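To start, the structure under review is shown below, and the notes come after it.
Protein chains in written order, with the numbering used here: chain A, 2 to 203; chain B, 630 to 696.
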């Protein structure tokens, strides 16, 4: 078992990539920074809008800002010392390697299912050694018992796997918060165990 | 054959089945999927040619929008 100082020491040397700074990415980033993570690489092309505020880690006076700029401001208010590399760009197959190949763990935090699949397939094919934590299924409220983790090698998927966001089933703060924090928790677990393995082989 | 499908034990009457046949039997009709057979990624065009056999670990994960 590790105490919090030991945990922070290990995490301060780690780099996590977050693809997407919406409901999943912004909340996951906040938890990772609170935990003492050393460096985050965050990519998103979107701007903060009013409907985002029902679940995303942004504030009313940030409407109209680039999400990456707004998130940097908010994360630096939690820890002014954390290193943030932000990219105000859309994540595509052409830039995934440039953005995330140095990461110890990558978080899939997109909204759109096709984007999720694109990142998962690209990472599993081109960066199979980097653990990838994805999310699928977090719309509406209730049915929390359906939320689970599915692990297959270096791919872990959090969520209920079925509740799709639609006009009648919008994403809401509690469940998006739960799933994004599951992603953060899995990331911590992986990062701390990576360190254990390194020590064991020395 | 007995396989592990999405962390659960499943038994089928055939000796082997393709991934497409298993999807049909289990009524997986999703548009966006990630399929992993024994932790190897299987792409869409390989679903109908990839054989699953006794003891295999198959994951068919549904990707839905939201985040």
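Backbone N, C-alpha and C fix where the C-beta goes; we use that ideal spot for every residue, glycine too. Computed from a predicted structure; not experimentally measured.
Near residue i, which residues of its chain fall below 6 Å by C-beta distance, leaving aside the five closest residues on each side in sequence?
| i | result |
| --- | --- |
| residue 40 of chain A | 16, 84 |
| residue 61 of chain A | none |
| residue 120 of chain A | 20, 109 |
| residue 690 of chain B | 663 |
| residue 66 of chain A | 49 |
| residue 676 of chain B | 648, 649 |
Do the CB positions of residue i and residue j come within less than 8 Å of each other?
| i | j | result |
| --- | --- | --- |
| residue 195 of chain A | residue 159 of chain A | no |
| residue 87 of chain A | residue 43 of chain A | yes |
| residue 156 of chain A | residue 125 of chain A | yes |
| residue 193 of chain A | residue 3 of chain A | yes |
| residue 647 of chain B | residue 687 of chain B | no |
| residue 18 of chain A | residue 101 of chain A | yes |
| residue 694 of chain B | residue 114 of chain A | yes |
| residue 191 of chain A | residue 148 of chain A | no |
| residue 32 of chain A | residue 665 of chain B | no |
| residue 117 of chain A | residue 692 of chain B | yes |
| residue 23 of chain A | residue 696 of chain B | yes |
Indicate, with yes or no, if the ligand MG has a heavy atom lying under 7 Å from the CB of residue i.
| i | result |
| --- | --- |
| residue 636 of chain B | The ligand content of the structure shown is nil, which means the ligand MG is not present either. |
Using the beta-carbon count (16 or more within 10 Å), is residue i buried or exposed?
| i | result |
| --- | --- |
| residue 674 of chain B | exposed |
| residue 7 of chain A | exposed |
| residue 51 of chain A | exposed |
| residue 12 of chain A | buried |
| residue 1 of chain A | Outside the displayed span of chain A (2 to 203) sits residue 1 of chain A, for which this structure offers no information. |
| residue 99 of chain A | exposed |
| residue 57 of chain A | buried |
| residue 660 of chain B | exposed |
| residue 176 of chain A | buried |
Cutting at 8 Å between CB atoms, please list the residues of its own chain near residue i, excluding the five before and the five after it.
| i | result |
| --- | --- |
| residue 644 of chain B | 630, 682, 683 |
Kindly list the residues whose CB is nearer than 7 Å to the CB of residue i, restricted to its own chain and excluding five residues on each side of it in sequence; keep chain order.
| i | result |
| --- | --- |
| residue 64 of chain A | 49, 50, 51 |
| residue 203 of chain A | Model confidence at residue 203 of chain A stands at a pLDDT of 45, short of 50, so the residue's coordinates are unreliable and nothing is read from them. |
For residue i, which residues in chain E fall below 9 Å Cβ to Cβ?
| i | result |
| --- | --- |
| residue 112 of chain A | Among the protein chains in the structure shown, which are A and B, there is no chain E. |
Q.
Contact between the region 140 to 148 of chain A and the region 645 to 656 of chain B is defined here as three or more beta-carbon pairs at a separation below 8 Å; is this criterion met?
A. no
Q | Touch test, the region 672 to 681 of chain B against the region 155 to 170 of chain A, Cβ-Cβ under 8 Å, three pairs minimum | A | no
Q) Of all the beta strand (DSSP E) runs that stay within the bounds of the region 51 to 114 of chain A, which reach a length of 3 or more residues? A) 84 to 88, 106 to 109
Q | Three-pair Cβ contact test at 8 Å for the region 634 to 650 of chain B versus the region 26 to 41 of chain A | A | no
(Q) Report the start-end ranges of each beta strand (DSSP E) in the region 16 to 48 of chain A that is 3 residues or longer and not cut off at the edges. (A) 16 to 20, 40 to 44
Q: Within the region 118 to 172 of chain A, note down every full beta strand (DSSP E) run reaching 3 residues or more, in order along the chain.
A: 133 to 136, 149 to 153, 156 to 160
Q. Is the number of C-beta pairs between the region 128 to 140 of chain A and the region 88 to 107 of chain A that are closer than 8 Å three or more?
A. yes
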